[in-house]
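Colleague:
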Amino acid sequence: MSEHPKGLIGQPLDRVEGPLKVTGQATYAADWRGDEPHLIGFIVESPAAKGTITALDTKEAEAAPGVELVLTHLNTPKQIPFGERNDDGNFAQSHAMMRTDHVRYVGYPVALVVARTLEEARHAASLVRFEIKADGDAIFDPVANEKLAEKPDALDGAEEVDTDTGDFDAAWAGASHTVEAEFHTSGQHAAAMEPHATVAEWDGDRLTVHMAIQILSDARKGFANTFDIDPESVRIVSPYIGGGFGSKLGIHNEAILAALAAKVTGQPVRVNQHRRNVFSNGPHRSRHRQRLKVGADDHGNIVAIHHDSLAAMSRDYPFAEAPASPTRGSYATKAMHTQHRVVEADIPKVDAMRAPGEAIGTLTFEAIIDELAHECGVDPVEFRLRNEPEKDPNSGKPFSDRKMRRCLLEGAERFGWNGPASRREGDWLIGHGMAAAIRPNMMMKAEAAMELAPDGRLVVRLDMTDIGTGTYTILTQIAAEAMGIAPDKVTVELGDTDFPETCGSGGSFGAGSTGTAVLDAAENLKADLLSRAAKADRDWKGVNSKALRITDDMLSLDERSLPISALDDGKAISAKGSASPGKAHENMAQYSYGAQFAEVAVDAVTGEIRLRRLTGVFDAGRILNEKTARSQLMGGMVFGIGAALMEESLMDDRYGAFMNRDLAEYHIPVNRDVPRLDIHMIEGFDANSNPLGSKGIGELGICGAGPAIANAIFAATGVRVRKFPIHMEDLMEKLPPR
Amino acid sequence: MKPFNYSRAADDKAAVTSARGQGARYLGGGTNLIDLMKHEIEQPDALVDVSRLPHEAIEETGDGVRIGAAVTNSALAGDPIIRERYPLLSTALLSGATMQLRNRATTGGNFLQRTRCQYFYDTQRACNKREPGSGCDAVGGLNRFHAILGASEQCIAVHPSDMAVAMVALGAHVETALGEGSGRTLPADALHRLPGDTPHIDHQLRHGELITHVVLPKAAEHQLYRKVRDRSSYAFAVVSIGVAFDLLEGNFMNVRIALGGVAHKPWRAARAEEILEGKAPSPELFAKAADAELAEARGYGHNDFKIPLMRRLIIASFGEMTAKQENAA
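Protein chains in written order, with the working numbering: chain A, 1249 to 1986; chain B, -11 to 317.
1. By the criterion of Cβ-Cβ separation under 7 Å, what are the contact partners of A:Pro1390 in chain B?
2. Work out the CA separation of B:Gly196 and B:Thr5 for me, nearest whole Å.
3. In whole angstroms, give me the CA-to-CA distance for A:Asp1934 and B:Ala223.
4. Counting pairs of beta carbons, one from the stretch 1601 to 1613 of chain A and one from the stretch 1623 to 1642 of chain A, are three or more of them closer than 8 Å?
5. Beta-carbon separation of A:Pro1479 and A:His1536 under 8 Å?
6. Go through its chain and collect everything with a Cβ distance to A:Asn1936's Cβ below 6 Å, but skip five positions before and after it.
7. What is the rounded straight-line gap between the Cα of A:Gly1941 and the Cα of A:Leu1256?
8. Who are A:Trp1450's beta bridge partners in DSSP?
9. Return the Cβ separation of A:Asp1711 and A:Asp1744 in integer angstroms, given the expectation that the two are a contact with Cβ distance under 8 Å.
10. Look at A:Ala1423 and A:Val1551 and say whether their C-beta atoms are less than 8 Å apart.
11. Does the distance from the CB of A:Glu1619 to the CB of A:Val1427 come in under 8 Å?
12. Taking beta-carbon pairs under 7 Å, can you tell me which members of the stretch 39 to 56 of chain B lie near chain A?
13. At 8 Å on the CB atoms, spell out the chain B contacts of A:Ala1905, in chain order.
14. So which of A:Ala1770, A:Ala1843, A:Arg1858 has the shortest CA-CA distance to A:Val1850?
15. Any beta carbon from chain B within less than 8 Å of A:Met1894's own beta carbon?
16. Rounding to the nearest angstrom, what Cα-Cα distance links B:Ala258 and B:Gly307 in this structure?
17. With a threshold of 8 Å between beta carbons, is A:Met1690 in contact with chain B?
18. Quick check: is the beta carbon of A:Pro1917 nearer than 8 Å to any beta carbon in chain B?
19. Based on Cα-Cα distance, which residue from A:Asp1910, A:Thr1612, A:Glu1913, A:Arg1653 lies nearest to A:Arg1968?
20. Three Cβ pairs or more, each shorter than 8 Å: is that satisfied between the stretch 1684 to 1693 of chain A and the stretch 1889 to 1908 of chain A?
21. Classify A:Glu1368 as helix, strand or coil using the three-state DSSP reduction.
22. Quick check on this structure: which residue in A:Glu1807, A:Gly1754, A:Gln1880, A:Ala1781 has the alpha carbon closest to the alpha carbon of A:Asp2027?
23. Against A:Asn1908, what residues of chain B qualify as contacts under a CB-to-CB distance less than 7 Å, listed in chain order?
24. Name the one or two DSSP bridge partners that A:Pro1688 has.
25. Going by the DSSP bridge assignment, what does B:Arg37 pair with across the sheet?
26. Closer than 7 Å to a non-hydrogen atom of the ligand COA - does that hold for the CB of B:Met155?
27. The beta strand (DSSP E) spanning A:Lys1824 covers which residue range?
28. Listing by chain order, which chain B residues have their CB less than 9 Å from the CB of A:Leu1898?
29. Just to check my reading of the structure: A:Ala1784 and A:Leu1810 have Cβ atoms closer than 8 Å, yes? What is that Cβ distance to the nearest angstrom?
30. Could you tell me the alpha carbon to alpha carbon distance between A:Pro1917 and A:Gly1946, rounded to whole angstroms?
31. My guess is that B:Ala176 and B:Ala208 are in contact by the Cβ rule of under 8 Å, so how many angstroms apart are they, rounded?
32. According to DSSP, simplified to helix, strand and coil, what is A:Met1907?
33. Are the CB atoms of A:Leu1464 and A:Ile1484 nearer to each other than 8 Å?
34. Can you name, in chain order, every residue of its own chain whose Cβ lies under 6 Å from the Cβ of A:Leu1805, other than the five neighbours on each side?
35. Using Cβ-Cβ distances below 8 Å, what residues of the stretch 1344 to 1370 of chain A are close to chain B?
36. Whose C-alpha, out of A:Ala1418, A:Thr1586, A:Arg1860, A:Arg1920, is nearest the C-alpha of A:Asn1642?
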């Protein structure tokens, strides 16, 4: 392992934008106020799925006070049909809205009422009269419509849709211990604290949008492909984002509607999705059915793994989640078969939600591995250690840094693991469970620019986003350490397509990819500074750039010093940097790892489930900021608790309508559901990942948390529940007698 | 949101006069009504704000307590007398909603909050409570949270209040103003109604009738409120139970039981009370009482589990309360 420099990187620096956020000065998309007053749009949702608007009367709404426009399919400006140009990917394809009289799903906009105030728009929205004739052949439930299942063209975050290694049938037939089960996971909505919001404004053919978005470059193409304009004429500004979790990877309905209305009215238009809108006008994770078969030999060695998945794909919006993807890199086995199928459905967008694949894939797979360990009579930690693979079981590629063993052993130590222990405390049944965590480590292309002003202030610019993860802070740390400058002299500017293009936030690749681009820009800037310094003063020839320091308006190195203004006639000096995945991302299997240990209590009377303890030990390479990294893991673990016990988008399959469209009914864990989380990060440096040595962390905490809880529930009650979330009624009548 | 008139009442009489108008509604803390208005589930023409009427006191009245209707849920839950003598009520209040909501929500308003049935909340779906005659999409739909007792084919919604369950278990009375200085007193368990063929009517109050106070009688010796929920805070009851009784020479006296999350109103478990009254506690007796109360319970699919859950909860609650008694003795 290479040595890494000790310095600012890794320190638990407070969020640099924290004061702006807690004093309300950070301008989120809906806070944006330009020079010109803007109009407010309110969405009128369709109650029916897949049908045709047969009658539409907007007169009363148009006559209502304050109303400037009622936008419907009858007066929308020209758009490319929804779903076209999808060679650019689902985020960048056309997201056309209300282009025709066709309604795609329940909640789909039938009209956008645009008025001077939200109250006026909202009231007038109730005055739009319309009728929809449903086609009658709409598809909602993928499992009930399995006969329509197709192999998707591509899978999110994985190279192959299906895989086959070894001879599964033979290995399965020869296994001494086998477990076979069908799991169901519910649909989920990210429902970020900040609902989707956009302010759009046109200047001729130039479109400017202030919006909440994770990846600006894709969104830019999305607008360009929708409106048939040049991507260069779209500017997106998204400096602060109130949570993404995948729901803001791409553009959603309010963004296109705001742009359409701004075009028609010639004024800026703001559309905020309200909380109920988010559940149909934003994306969600599909419900999945996963079938698993795992077999082991007499020695507790895994010999056969089958993992298949069936989900819904929103019609004309190609996205398929990969629950069996983490399975491919988890355990040594003689044979493995993985498969993904989708049913095209007439439902709102199905898209990535935090840890797509792993969140629900490790949830089921690590639960059935626990069953197999139980069948083999082997302790679950020992069982996992015994089946650690030497090389990637699917691709045969060598692993980059893999500290799974340490995660398992240190986790067991910290938790006080003594097998899947159970005990009784009055009416509480207590159990311990654990699970392993794995999440692909990705690297993407990114660029960054830097500018050093003569007064010694360094500005870093890139179109990366901070979705609450801490990007501003870690990029400040990286730039400051690399340039030898105090962090308070560094300003990081993000979220503007006028800045160099990056991969944005997603897939846990943002920090490593954009951090590397910033590091590269710093190296280039230092080289330029030193070459200029050498021209100005021969003492600076051939010096080692590592010792360079910038203090106030002076450049210094050991005994040497020079005013920055002497380098280029008092002008600012700038440099660019870039990052791209190296060969090690092609030739090696790269993952982040972890192990999670849970103690749950189940009420012996009611079956109510409460989490008592959760310990997570993680290997995410080098930690860029101990504080923000910990927060990422913590948030991920809370997500995992929700996936195991609460999060559930309930669709009434008679209508294709999500019914629990607010946060009183769509449950996520509240503070009281989350015990003190014990989080430990194993210090590392994965040189194959990127020059910083970091690995993805944003989604890692989810992985393993849910199945550890499910396995602890089994230890407590003796009940295996094969659907998520697990409810009290799944346990109640199967509980041991009092 | 439909445009509406807003007025602030100077006193009870003025409030009742204003609220008699067509489409007028009282506004207390607004924690439920305003949400419903935003989504046009409720569309009042006028709001009469009663949150500043002088009904903010909690006073002792002989053996009991008289609570002003404008007392917030937080203030009521934290009141020393309530905490000491009516822990059932304090516990129930604190198990409801969130601190922010409890700081706004009023005692009068809490009684009158509307169901959380998801079909009532979604104006795109059929709901006889929201739009009489439109049908009930919860029957045959998603109904995990719905009623198992006293429902009709027109409506299987449940009343969501924790506080109201406690008030019924404690034998509270509600005092109202009807204008011209007149008013009446209703037992809390007669305030709400079953859905029948008119599920759009939640309660027995007349148009313009204003809850001004709630009166609690002498506190029972033994009290318990237990709420079963999917997460440990900010969740409506899957089911809940409020129990109050005295013991005389080891036998139950003045038993009152109210069940939450099972019916269109806080469900007074009169059959169970009758079986328990005057008898000595025993697990067999608790089971008999639970079975009698649930004899006519029926599920609608997703909520079938509430029947065995409620049975287990009744038995366990009495078991816990009487075990404590044995330990104390």
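Note that CB positions come from ideal geometry on N, CA and C, so glycine has one too.
Modeller: Taking the geometry as given:
1. Correct list: empty, because the minimum Cβ distance to chain B is about 18 Å.
2. 7 Å
3. 44 Å
4. no
5. no
6. Ser1648, Ala1832, Met1836
7. Cα to Cα, the separation comes out at about 15 Å.
8. A:Leu1455
9. Contact between A:Asp1711 and A:Asp1744 holds: their C-beta atoms lie close to 6 Å from each other, under 8 Å.
10. Yes, the pair counts as a contact, with Cβ atoms nearer than the cut-off.
11. yes
12. none
13. Within chain B, the residues near A:Ala1905 are Asp110, Gln112, Arg113.
14. A:Arg1858
15. yes
16. 19 Å
17. No, because no Cβ of chain B sits closer than 8 Å to the Cβ of A:Met1690.
18. In terms of beta-carbon proximity, A:Pro1917 lines the interface with chain B, with at least one pair separated by less than 8 Å.
19. A:Thr1612
20. no
21. DSSP places A:Glu1368 in the helix class (H, G or I) of the three-state scheme.
22. In the structure displayed, chain A extends from 1249 to 1986; residue 2027 of chain A sits before or after that span and is not available.
23. Gln106
24. A:Tyr1839
25. It is worth fixing the name first, because residue 37 of chain B is Asp in this sequence and not Arg. In DSSP, B:Asp37 forms a bridge with B:Arg(-4), B:Leu15.
26. Looking at this structure, you won't find the ligand COA or any other ligand, since it has none at all.
27. That run of the beta strand (DSSP E) goes 1821 to 1827.
28. Gln106, Leu130, Arg132
29. 6 Å
30. 18 Å
31. Not really, about 15 Å apart at Cβ, beyond 8 Å.
32. coil
33. yes
34. Val1791, Ala1795, Leu1796
35. Val1354, Glu1367, Arg1370
36. A:Thr1586
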